[in-house]
Structures are given as C-alpha cells and as structure tokens.
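Residues are numbered in the numbering used here as their position in the sequence shown, beginning at 1, plus a constant of 3. Glycine included, C-beta positions come from ideal geometry on N, C-alpha and C. Owing to the predicted nature of the structure, the values given are computational and were not obtained by experimental measurement.
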Amino acid sequence: MDAVPSPDRPPSTRPSALAGVRGLVVALLLGLGLVRVGAVRGGDEGAKGSSACGVPCFRDDDDEGLRLAYDGLRRGLEEANLQRVCLRRPATDDAAGWERLAREISAEKPPFVVALGRRVSARVATLPLTGPDGRIPCVYVDVASGVGGRAMPLLPAYPAPAAVVRSEVAVESWGALLKALLPGRPQLTVLLPWTSESKEAAALRREAGRGGGFDARLLSDGPATPDAILAWSPSVGETVEPFAATLERARSLRVPLLCVDAGLFLKGAAVALLPDAALLGRVAADAARRLAEGERAPERLRIATTATELCVDLDAADAEGLAAPLAFLASAHRLRRSPRSPAPVPTEAPKPPAGGDR
C-alpha cells in the first residue's frame with residue numbers, strides 16, 4: 004500500500020489527506036485485530052505463598068520484558084507437566100538475606116532454579132544452592148545484543164550444572180527497521196545518548212553502525228539533528244544519559260526515539276524492537292526440563308533465540324514528529340495508544356417551575 008499522495012495533488016492538501024488515510028488505515032488495523040493494542044506488560048501469577056510452588060524463580064524487577072518471559076516460563080513448565088514456578092525474593096537485599104534464602108531453597112530440594120535477568124543471574128550464580136546430588140541445576144536467562152556475529156555483553160561463566168538461554172537481537176535488524184521507518188534517506192544518522200564511552204564501547208558503536216548501515220554518533224559529536232535516537236546500551240563501558248533527558252531531546256528535535264527495552268517503550272519511546280519475551284520464557288522452560296531429565300552437556304544447554312516483536316506507540320510517535328509509513332505500521336506486532344477520555348455526560352437544562360412564565 005502506497006501512502007504517498009499523487010504528485011498532481013495540490014501541495015496544500017497533501018498533509019491532511021495523508022493524515023486522513025493514515026488514520027483510516029490505523030483504525031482498520033486496530034478494528035480488525037491485525038495488531039495487538041496495549042502495554043507490553045506481563046503478570047506476576049505464581050508469587051511466593053502458593054502451596055503448589057515447586058520451582059524458585061528470581062527476576063530483575065525493573066525489566067518489563069522479563070515479566071512476559073516469566074509468563075512464558077510458567078506456561079512452558081505447565082505444558083511439560085513440571086512443578087509450578089513462583090517468584091522468590093530475599094527478606095533483605097544484602098548478603099545475609101540472600102544466604103538465608105539459599106538455605107531455605109536448599110532445604111526445599113527443588114529440581115532446578117531459574118534466574119531471569121543479568122543482575123539477578125550474577126547473584127544466583129554465587130549462592131550455595133546445595134541439593135541431594137551436589138549443586139542444584141540453574142537456568143540463567145538474559146537479553147544480549149548481536150553485533151558482528153557476537154553477543155554482547157559476553158556470556159559469564161556460570162557454575163555447572165546450568166543452562167543459559169539468551170535472546171540476541173542483531174543490530175542488522177535495526178538497520179532494516181530504520182530503512183523501513185525512514186525510507187528515501189541515503190545515509191541515516193542515529194544518535195546514541197551516551198555521555199561517555201570506553202574503547203570497547205566505541206569500537207562496538209562503530210561496528211554496529213557498519214552492520215546496521217547507519218552513522219552512529221554520540222552527544223559530543225556536534226549539534227547536527229539526527230534522523231533518529233536509539234536508546235541502546237550494550238553494557239561494555241558506556242555511560243548513558245537519563246532517559247527523561249533523552250525523551251525530551253527527541254520531542255524537542257522532533258525525531259523518533261527507538262529502543263530495545265520494554266520499560267523504555269512504556270515510558271515514551273515511539274518504536275521498540277523487543278525480544279519475543281514469551282518465546283524466551285518457553286525456551287527457558289524447555290531448558291529446565293532437559294536439566295531435570297539429567298542432560299548436562301554445556302554446549303547443548305547454551306541456547307539463543309532471535310525472534311523479535313515490533314511495537315509502535317502512536318501517541319509517542321505524534322509527540323516525536325514521526326509519521327510512520329502505513330506499510331511499517333501494518334508490519335508491527337503491537338500498536339499502542341492511550342485510551343481516550345470518555346466524553347462528559349450531558350446534563351439536562353433545569354426545567355421551569357410549574358405555572359411559571361412561558
């Protein structure tokens with residue numbers, strides 16, 4: 004579908020005509036259910052306290068995408084007829100609190116433990132989780148960026164027995180997305196909102212630009228207006244400005260803000276390319292099943308998923324001056340917009356008193 008108006012149409016009518024067509028097509032997509040609408044948010048079913056809970060799970064609570072991964076994990080374990088998973092947290096977030104929780108879990112003798120997120124995985128890897136046959140098997144789940152055939156940050160060395168499940172979103176997919184979002188621009192300039200970078204981060208930024216086909220610049224590279232801003236942090240020594248400042252920058256410059264994090268999408272980014280979190284959770288459930296059945300080969304228990312979901316926030320796009328092509332909107336897995344406020348209920352005019360003037 005071509006959203007560009009005919010060249011012989013008077014220039015003064017093109018914006019309104021294009022807006023009308025875009026609004027009609029968006030309404031049609033929403034009405035037919037060809038895209039899903041709403042926040043990218045999962046639930047917390049199975050929290051601690053359920054008598055049916057048999058599998059402890061830890062999660063980085065500030066990662067919205069991992070909430071959906073938890074839902075996928077829960078469903079995957081149910082389909083495999085394994086014990087129910089529940090979220091666990093220490094009474095106090097310090098060494099003593101984690102050690103007490105490790106003793107509790109060791110006494111419960113679960114078949115395995117699941118850690119969702121890089122930070123909590125690092126913590127769980129250090130816990131003395133002792134079962135009947137040695138260390139309790141653990142499944143570690145996180146999200147990485149694929150740059151030049153490598154997943155960044157590099158995979159830590161987790162203690163065996165363990166399975167590692169990672170979602171790897173390749174930067175090349177960002178390049179294709181940018182070209183579809185902003186067609187007709189020969190060389191795209193993308194601003195990374197980093198205030199400083201290490202040598203490793205600088206090399207990775209340049210490699211990402213080459214792989215994605217765009218010029219990846221920093222805040223310090225000058226005042227030139229970029230084509231887009233990409234909120235991306237590979238965690239290799241870069242310092243990122245606060246997201247509120249980045250969001251204000253995108254709105255003032257009228258350029259789209261793109262992200263790879265579900266939490267940032269909910270906070271105002273116009274476009275997000277997110278890991279398929281539900282699939283990530285289901286793959287983690289299958290890795291847990293294999294561990295429970297006795298599989299121990301490390302090379303077979305390092306699993307990467309590459310599936311992604313394209314999400315567009317229509318309100319954020321308007322605020323950032325983005326008029327996304329209709330074909331791009333049609334390719335989105337989710338279109339999100341704020342619910343409209345209900346119209347005020349009209350009140351009846353007061354009736355004149357009986358017998359009054361007419």
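Buried or exposed by the 16-neighbour rule on C-beta atoms within 10 Å, applied to residue i
i	result
residue 275	buried
residue 159	exposed
residue 321	exposed
residue 139	buried
residue 164	buried
residue 200	buried
residue 135	exposed
residue 296	exposed
residue 96	exposed
residue 67	buried
residue 326	exposed
residue 316	buried
residue 279	buried
Assumed close pair residue i, residue j - CB separation to whole angstroms, cut-off 8 Å
i	j	result
residue 154	residue 283	Incorrect: roughly 14 Å between the Cβ atoms, too far for contact.
residue 142	residue 62	Actually they do not touch by this definition, with Cβ atoms about 12 Å apart.
residue 207	residue 243	Not confirmed; about 14 Å, so no contact.
residue 229	residue 194	4 Å
residue 254	residue 167	Actually they do not touch by this definition, with Cβ atoms about 39 Å apart.
residue 83	residue 292	5 Å
residue 88	residue 70	Contact flag wrong, Cβ pair sits at about 13 Å.
residue 246	residue 267	6 Å
Contact under 7 Å by Cβ, residue i with residue j
i	j	result
residue 173	residue 149	yes
residue 105	residue 131	yes
residue 324	residue 252	no
residue 281	residue 75	yes
residue 144	residue 287	yes
residue 334	residue 318	no
residue 169	residue 147	yes
residue 241	residue 177	no
residue 232	residue 260	yes
residue 58	residue 113	yes
residue 211	residue 219	yes
residue 171	residue 265	no
Which listed residue (the options) has its alpha carbon closest to that of residue i
i	options	result
residue 182	339, 338, 328, 337	328
residue 64	77, 91, 316	91
residue 60	86, 116, 171, 234	116
residue 213	192, 312, 277	192
residue 137	83, 228, 110	110
residue 179	331, 70, 101	331
residue 303	187, 335, 151, 294	294
residue 161	319, 301, 340	301
residue 313	96, 338, 156	338
residue 363	202, 119, 273, 224	The shown model of the chain, from 4 to 361, leaves out residue 363, and the question about it has no answer.
residue 151	100, 188, 216	216
residue 204	156, 223, 188, 186	156
residue 103	133, 85, 118	133
Span of the beta strand (DSSP E), counted from its first residue to its last, around residue i
i	result
residue 198	197–199
residue 170	165–173
residue 337	337–339
residue 143	141–150
residue 316	311–316
residue 57	56–62
residue 116	116–119
residue 234	231–234
Boundaries of the alpha helix (DSSP H) in which residue i is found, first to last residue
i	result
residue 249	246–256
residue 331	329–333
residue 286	280–295
residue 110	98–111
Minimum Cβ-Cβ distance from residue i to chain D less than 7 Å
i	result
residue 219	No chain D is present in this structure, which holds just one protein chain.
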